[in-house]
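Enquirer:
Residue numbers (the working numbering): 22 to 168.
#1: In this structure, does DSSP put residue 108 in helix, strand or coil?
#2: In the DSSP assignment, find the beta strand (DSSP E) that holds residue 123 and state where it starts and stops.
#3: From the DSSP output, which residues share a beta bridge with residue 135?
#4: Quick one: residues in its chain with C-beta nearer than 6 angstroms to the C-beta of residue 109, no 5 flanking neighbours on either side, listed in chain order?
#5: Note down the Cα distance separating residue 61 from residue 145, rounded to an integer number of angstroms.
#6: Less than 8 angstroms between the CB atoms is what I'm expecting for residue 83 and residue 111, so what's the real figure, rounded?
#7: Quick check on residue 142: does DSSP put it in helix, strand or coil?
#8: Identify, in the order they occur along the chain, each residue of the same chain with its Cβ nearer than 8 angstroms to the Cβ of residue 114, setting aside the five sequence neighbours on each side.
#9: CB residue 122 to CB residue 142, shorter than 8 angstroms?
#10: Identify, in the order they occur along the chain, each residue of the same chain with its Cβ nearer than 8 angstroms to the Cβ of residue 59, setting aside the five sequence neighbours on each side.
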């Protein structure tokens with residue numbers, strides 16, 4: 022089952038220790054609709070990552086319903102993925118644990134989280150793989166003439 026952690030700011034604690042006591046709600050596919058439109062936090066293993074180079078859309082899916090019959094399949098949809106480092110990192114998520122914070126939506130009968138929403142946060146569970154590559158942005162301005 023997808024574990025939905027009530028917003029208590031303990032996601033960081035989850036990354037550091039599995040022995041943290043926290044309030045949680047486990048949802049099944051039958052009662053997942055109650056969470057539509059609500060912000061959820063959960064830690065779950067990614068079952069697959071699909072990237073379409075033509076559309077630049079990446080879909081991260083977990084869990085696999087064949088493995089966990091009572092769990093809703095939830096996908097994170099990210100549009101316009103750029104850069105080989107980011108694509109490689111996203112593909113490497115399959116089989117790893119991911120912390121997710123975002124609003125649960127329904128689209129075409131499927132549960133999704135909009136990965137393009139600036140409020141959606143994803144982080145790899147501590148120690149499973151390297152953190153996401155950071156876009157360095159533009160180089161700093163040259164200030165050598167300001168002496």
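All C-beta atoms, glycine included, are put in the ideal place defined by N, C-alpha and C. None of the values given here were measured: they were computed from a predicted structure.
Expert: Walking through what the data contain:
#1: Taking the first residue of the chain shown as 1, we reach residue 108 at position 87. Note: residue 108 maps to helix in three-state DSSP.
#2: By one-based count along the chain shown, residue 123 stands at place 102. It spans 118-128 - the beta strand (DSSP E) in which residue 123 sits, taken as one unbroken run.
#3: Along the chain shown, read from residue 1 onward, the residue named residue 135 stands at position 114. Note: residue 135 sits in a beta bridge opposite 98.
#4: The residue labelled residue 109 in the question sits at position 88 within the chain shown. There are no such residues.
#5: For this step, residue 61 is matched to residue 40 along the chain shown. For this step, residue 145 is matched to residue 124 along the chain shown. Their Cα atoms are separated by approximately 16 angstroms.
#6: Translated into the one-based positions of the chain shown, residue 83 becomes position 62. Translated into the one-based positions of the chain shown, residue 111 becomes position 90. Not quite, the Cβ-Cβ distance comes to about 13 angstroms (not below 8 angstroms), so this is no contact.
#7: On the chain shown, position 121 is the one that residue 142 refers to. Three-state result, residue 142: strand.
#8: Residue numbering aside, residue 114 sits at position 93 when the chain shown is read from its first letter. Excluding residues up to 5 positions away in sequence, 67, 70, 81, 145, 150 lie with their Cβ nearer than 8 angstroms to the Cβ of residue 114 in the same chain.
#9: Counting from one through the chain shown, the residue named residue 122 turns up at place 101. Counting from one through the chain shown, the residue named residue 142 turns up at place 121. Against a cut-off of 8 angstroms, the Cβ pair of residue 142 and residue 122 comes out as a contact.
#10: The residue you call residue 59 lines up with position 38 of the chain shown. Cβ neighbours of residue 59 beyond the five flanking positions: 124, 125.
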